[in-house]
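Numbering (the numbering used here), first residue to last: -9 to 114.
All C-beta atoms in this analysis are idealised placements derived from N, C-alpha and C, irrespective of residue type, glycine included.
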């Protein structure tokens, strides 16, 4: 039987994590798709990355599946995806799911607060 710690350990091993500074550099270079995987209530309280897709972790499988009626067209298997959440755990778990679905470039950029504190572009 697996615990939450086991799932998180596996996710962190499968999905690379970069610093907020590295993520901001990638964002400023125009690379990739930034996705906030927190629920809408959390985003409403803090804001999110400017221009980020807002796809809650619990809905990601549907948004990422090109056979789903809820498929997000920009989510292609070869897209460069950068995931953010509250502290990095949900982004790691979501990233592992995307890797399991065949996405080839998935990066965890950690928590939104780190992004904002490092001067990353934000929006409400």
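If you keep only unbroken beta strand (DSSP E) runs of at least 3 residues inside the region 44 to 103, you get 70 to 75, 95 to 101.
Under the three-state reduction of DSSP, residue 33 is assigned to helix.
DSSP, read as helix, strand or coil, puts residue 114 in coil. DSSP places residue 25 inside the beta strand (DSSP E), whose first and last residues are 23 to 26. Here residue 84 has 27, 47, 50, 73 as same chain residues with Cβ atoms under 6 Å from its own Cβ, once five neighbours each way along the sequence are excluded.
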